[in-house]
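K.L.:
Counting from 11, one number per residue, gives the positions in the sequence shown under my numbering. Glycine included, each C-beta is placed from N, C-alpha and C at the ideal position.
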Amino acid sequence: MAMAIDGYECTVCGDCEPVCPTGSIVFRDDHYAIEADSCNECTDVGEPRCLGVCPVDLCIQPLDD
């Protein structure tokens with residue numbers, strides 16, 4: 011499973027990018043995105059770190075399969 015950033019909700023604050031331990035958060039198309047192939051939802055360190063720093067509710071959600 012992976013996380014996803016809603017491009018419409020993203021305020022481009024950039025808080026999420028530096029806390030991602032896998033480097034899966036990238037800036038593209040005027041907002042941040044999460045590369046699903048490398049995101050592991052921070053399973054090795056607890057809950058997804060991006061969720062803890064994002065100031066926008068519901069901006070980052072689990073990716074729908």
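Measuring alpha carbon to alpha carbon, tell me which residue in Val66, Ala43, Thr32 and Leu73 is nearest Asp54.
P.N.:
Thr32
K.L.:
Could I get the ranges of all uninterrupted beta strand (DSSP E) runs contained in the segment 21 to 45, with 3 residues as the minimum, in chain order?
P.N.:
The segment 21 to 45 contains these whole beta strand (DSSP E) runs: 35 to 38 and 41 to 44.
K.L.:
Give me the Cα-Cα distance between Cys69 and Ala43, rounded to the nearest whole angstrom.
P.N.:
11 Å
K.L.:
Have a look at His41 and Met13 and give me their C-alpha separation to the nearest angstrom.
P.N.:
CA-CA distance, His41 to Met13, rounds to 15 Å.
K.L.:
So if DSSP puts Pro72 in a beta bridge, which residue, or which two residues, is it bridged to?
P.N.:
Under DSSP, the beta-bridge partners assigned to Pro72 are Met13.
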